[in-house]
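Participant: Count the sequence shown with UniProt numbering and you get residues 1 to 767, in order.
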Amino acid sequence: MLQQERFFLNSSFVLCISGFLLLFRVVVANISLGSKLTVLGNDLWLSSNGDFALGFFGRSDLPPNQFSVGIRFNSKSVSVDKQTVVWVAGADATVGNNSYFQLTCNGDLVLFDCSKEFTVWSITRSQWNVTSAVLHDDGNFVLLNDIKDIVWQSFDTPSNALLPGQKLSSLKSLRAASTNPLSSYYSLYMNDRGQLQLKWESSVNYWNNGSPSGHKNLTAVLLSNGTLQLQDQNSKPVWSVFGEDHDDSVKFRFLRLDADGNLRLYSWVEASLSWRSVWQAVENQCNVFATCGDRGICILNASGSRDCNCPFKSTSGSTSKCLLPYQHECKSGPTLVIYEHTSLYGMYPVNHSTFQSSLEKCKLACLLDAQCTAVTFRNSGRAQCRMMKTQYVSGYSDPSVDSVSFVKKCPYSDPLAVDPGSPPLNSRPPLPLKQSYRLSVPCLIGAASATVAVVILIHLGIGIFLYGRRKSNRRKGALALTGHNSKGLIMLSSCEIKELSQDFKYQMGAKTFKGKQPDNQWVAIKKLDATICERKFRCSVSKIGNIHHKNLVKLEGYCCESRHRYLVYEFAKNGSVKKYMEDSKLCKKLTWRKRVDICLSVARALCYLHTQCREFVNHGNLKWENVVLDENFEAKVTEFGLGIFLGEGLSAEKDVEDFGKMLLILVTGCQEVDGVVSQQAYKELMEGKAGSVVVDERIDGGVDPEELERVLRITFWCLQKDERMRPSMGEVVKVLEGTLSVDPAPPPFARRRTVEEEESTESGSEA
């Protein structure tokens with residue numbers, strides 16, 4: 001969130017002209033023919049309530065004496081530096097300081113640059129008998145004819161933002177604003193199948209709102225209550241997402257495609273006098289295509305914000321661009337440099353090829369192809385190799401990324417890679433042998449003495465540091481967990497756990513408490529059975545602490561002291577999914593799309609535990625109480641692997657069955673789905689009535705019928721009494737993603753006989 005606020009203030013659409021805009025104003029509700037705004041006059045056309053203003057403004061991304069004309073917030077409750085521009089005439093159109101914007105006597109809108117004697121942008125509506133213009137109180141600038149009908153409006157030609165009530169119709173788009181030639185290519189597009197898409201350079205789709213709805217002529221609209229909806233021709237919602245402050249009393253909101261390629265919903269917070277992002281389309285900024293541009297690959301820092309890192313050694317020291325080092329000129333044969341947990345993709349052009357391959361064949365293919373610059377290998381049920389043939393490469397690196405990348409470069413022994421400023425080794429004159437021998441003894445003695453002294457100083461320094469740290473920890477009473485080494489876990493004493501939890505003051509669930517660090521960051525503390533032997537506990541902690549996935553709650557630390565056993569997890573701000581299911585108001589935030597996304601996140605987490613960890617890990621106690629929502633409303637599974645501590649049996653089939661029950665709970669809204677509910681849901685599914693009978697009535701915006709049937713089909717496969725018939729979590733993920741078809745399941749209420757039972761029956765009949 002801090003990163004978003006910094007980005008917001010540095011956005012190209014934040015006003016850089018502030019104080020002197022207030023010196024001259026023309027306060028008008030009705031704008032007559034011939035009215036004119038000039039740069040030098042600092043004139044403004046205002047809405048009748050004063051909340052919006054239309055006029056010239058400078059932009060931080062423009063050179064001096066260059067201006068655009070547009071609509072911005074103008075309310076007295078919004079400080080001048082926060083009065084964001086929400087519409088620009090001509091999008092990127094700019095003019096010099098001797099320019100004007102006019103509603104001509106013919107009823108045309110004209111943006112004219114006098115210094116160039118050129119019409120930069122215009123709207124011709126003279127044939128519609130335009131008589132006036134008005135900037136409405138909702139921020140919509142309109143042209144009116146003689147009977148006050150609207151013949152043109154700014155709401156129909158959005159630039160990079162939508163205001164409440166403004167619609168984005170089919171085949172229309174928003175375009176991000178930036179001087180960066182990469183990010184200026186970002187756009188939000190509504191295709192003719194009713195699907196919202198975020199695109200880069202109009203060719204790469206990196207986000208959409210789900211499967212096409214099948215409806216035609218849909219429009220996207222931002223509602224004043226903080227809801228983004230897709231509506232049909234009868235204004236009936238077919239898809240919805242909600243801001244965190246949905247239905248709260250908020251005076252100003254807007255939806256904007258930001259220069260970093262993410263679509264965000266902003267609300268004005270009176271208490272802090274600032275804009276706050278309450279929803280964003282791409283939860284992980286690193287999943288925005290080319291978010292780092294030509295500055296390298298994307299990583300998430302400790303605070304969860306995006307950083308751009310260039311791990312490659314550039315062959316061009318004079319440029320700030322992060323380019324791959326290989327230039328097809330190695331004389332002694334290229335080598336591959338490995339980058340673990342990294343996924344790369346090519347830009348300029350986006351022409352990478354993807355094919356099925358083993359890891360070794362993927363590497364070999366790149367070495368044998370003179371044009372190959374890098375490859376990324378991924379095996380998530382299907383081994384794939386992606387080959388790039390450009391130096392312009394970006395990507396994403398994180399411990400949760402299940403890909404490995406290899407970058408081709410020339411070896412250091414290659415003459416092209418040698419520093420030209422350093423003379424060759426064989427050109428340096430050797431020292432005489434005797435002189436070298438005489439100098440070696442005193443040098444060795446001096447070096448040894450210095451080494452001993454340095455070692456002693458280091459030990460003293462470490463001792464002083466550890467002593468000071470111990471005293472500091474005792475004073476604080478608890479450790480802040482945010483600075484621990486990513487390769488290990490923080491070990492806490494029982495006293496530190498007690499102070500961290502404020503004497504177990506805030507209970508969140510069964511044996512689970514909320515704790516507060518010295519830096520005011522929250523953590524979750526889970527109390528375990530004190531009878532778990534120390535060796536087994538530490539071994540289990542080590543195993544779980546090495547598991548990292550974006551949909552799994554991270555283990556931060558632990559306590560193993562005397563008869564105390566605690567686990568310390570990262571804290572999920574929005575609590576458990578169960579809390580939302582049980583609360584009638586909170587439940588409205590769980591739209592159909594959000595419910596499917598939550599299920600898919602849980603499925604991916606389980607698939608990772610079952611198939612992608614070094615050793616098989618099951619959950620063992622899967623329920624919605626153990627699925628939490630972070631500050632971005634992304635689902636994460638917690639308390640996984642606790643069966644390891646207790647020596648319980650490991651079973652993937654049990655997790656699959658529990659997941660099936662969770663699917664049914666989220667679809668129906670019923671907390672208990674065994675027995676009658678399950679049988680009724682199966683009956684209605686087989687009769688084609690699931691959409692009208694089974695679905696939770698509290699879901700706003702309806703459901704996707706095809707997706708509902710797919711979800712219910714895989715649900716009843718997961719619930720099969722015969723464990724042999726249940727799917728793997730990898731198959732479940734593909735079905736929920738829509739990449740794998742699934743047949744109707746047989747009734748899950750009767751167990752099939754095992755092979756042993758069948759053989760026993762056959763032998764008995766023969767006897």
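Every residue gets a Cβ at the ideal spot worked out from N, C-alpha and C, and that includes glycine. Computed from a prediction, not measured in an experiment: that's the story for all the values here.
Helix, strand or coil: how does DSSP classify residue 773 here?
Facilitator: Past the edges of the chain, shown from 1 to 767, lies residue 773, and the structure says nothing about it.
Participant: Kindly indicate which three-state DSSP category Glu-634 falls into: helix, strand or coil?
Facilitator: Assigned with DSSP and collapsed to three states, Glu-634 falls in coil, not helix or strand.
Participant: Taking its Cβ as the centre, do 16 or more other Cβ atoms sit within 10 Å of Lys-216, making it buried, or is it exposed?
Facilitator: exposed
Participant: Quick check: the Cα distance between Glu-687 and Ser-235, rounded to an integer number of angstroms?
Facilitator: 30 Å
Participant: Do Gly-333 and Trp-279 have their beta-carbon atoms positioned less than 8 Å apart in this structure?
Facilitator: no
Participant: Check His-610 in the structure and name its three-state DSSP category.
Facilitator: His-610: helix per DSSP, three-state reduction.
Participant: Measure the C-alpha to C-alpha separation of Pro-747 and Val-673 and round it to an integer number of angstroms.
Facilitator: 15 Å
Participant: Once DSSP output is grouped into helix, strand and coil, what is the label at Pro-747?
Facilitator: coil
Participant: Which residues in the same chain as Pro-158 place their Cβ atom closer than 6 Å to its Cβ, once the five residues preceding and following it in sequence are excluded?
Facilitator: Leu-174
Participant: Since Gln-346 is in the beta strand (DSSP E), which residue starts that stretch and which ends it?
Facilitator: A small fix is needed here, since residue 346 is Gly in this sequence, not Gln. Start and end: 342 to 346.
Participant: Taking DSSP's pairing of strands, which residues face His-548 in a bridge?
Facilitator: His-548 pairs with nothing; no bridge assigned.
Participant: According to DSSP, simplified to helix, strand and coil, what is Cys-292?
Facilitator: coil
Participant: Quick check: the stretch 86 to 100 against the stretch 60 to 69, are there 3 or more CB pairs under 8 Å?
Facilitator: yes
Participant: Rounded to whole angstroms, what's the CA-CA distance from Thr-611 to Phe-640? Just pull it up for me.
Facilitator: 14 Å
Participant: Could you compute how far the alpha carbon of Ser-343 sits from the alpha carbon of Thr-390?
Facilitator: 15 Å
Participant: Throw me the rounded Cβ distance for the Ser-47 and Leu-135 pair, which I believe falls under 8 Å.
Facilitator: 5 Å
Participant: Using 8 Å as the threshold, is the C-beta distance between Leu-719 and Gly-660 below it?
Facilitator: Cβ atoms of Leu-719 and Gly-660: closer than 8 Å.
Participant: List the endpoints of the continuous alpha helix (DSSP H) containing Gln-679.
Facilitator: Taken as a continuous stretch (DSSP letters only), the alpha helix (DSSP H) holding Gln-679 covers 676 to 686.
Participant: By Cβ distance, which residues of its chain are closer than 6 Å to Ser-353, with the 5 residues on each side in sequence left out?
Facilitator: Met-387
Participant: Name the residue from Thr-591, Lys-505, Gly-509 whose alpha carbon lies nearest to the alpha carbon of Lys-516.
Facilitator: Lys-505
Participant: Excluding the 5 residues flanking Gln-166 on each side, which residues of the same chain have their C-beta closer than 6 Å to its C-beta?
Facilitator: Phe-155
Participant: Mark Ala-271 as exposed unless 16 or more other C-beta atoms lie within 10 angstroms of its C-beta, in which case mark it buried.
Facilitator: By the Cβ-count criterion, Ala-271 is exposed, with fewer than 16 other Cβ atoms from all chains shown falling within 10 Å of its own Cβ.
Participant: If you follow the alpha helix (DSSP H) that Leu-500 is part of, which residue opens it and which one closes it?
Facilitator: 494 to 500 is the extent of the alpha helix (DSSP H) around Leu-500.
Participant: Do you know offhand how far Lys-148's Cα is from Trp-592's?
Facilitator: 41 Å
Participant: If the criterion is Cβ atoms closer than 8 Å, does the pair Asp-402 and Leu-300 meet it?
Facilitator: no
Participant: In this structure, how does DSSP classify Ser-540 when only helix, strand and coil are distinguished?
Facilitator: helix
Participant: Quick one: what's Gln-102 bridged to in DSSP?
Facilitator: Lys-36, Val-110
Participant: Does the beta-carbon of Gln-84 have 16 or more other beta-carbons within 10 angstroms, so that it is buried, or is it exposed?
Facilitator: Note that residue 84 corresponds to Thr in the displayed sequence, not to Gln. Around the beta carbon of Thr-84, 16 or more other beta carbons sit within 10 angstroms, so the residue counts as buried.
Participant: Determine whether the beta carbon atoms of Lys-409 and Tyr-326 lie at a separation below 8 Å.
Facilitator: Yes, Cβ-Cβ distance for Lys-409 and Tyr-326 is below 8 Å.
Participant: How many whole angstroms separate the CB atoms of Tyr-348 and Tyr-396, which I take to be in contact at a CB cut-off of 8 Å?
Facilitator: The pair is not a contact, with the Cβ atoms about 18 Å apart (cut-off 8 Å).
Participant: Inspect the beta-carbon positions of Leu-489 and Val-541 and report whether they are closer than 8 Å.
Facilitator: Pairing Leu-489 with Val-541 gives a Cβ-Cβ distance under 8 Å.
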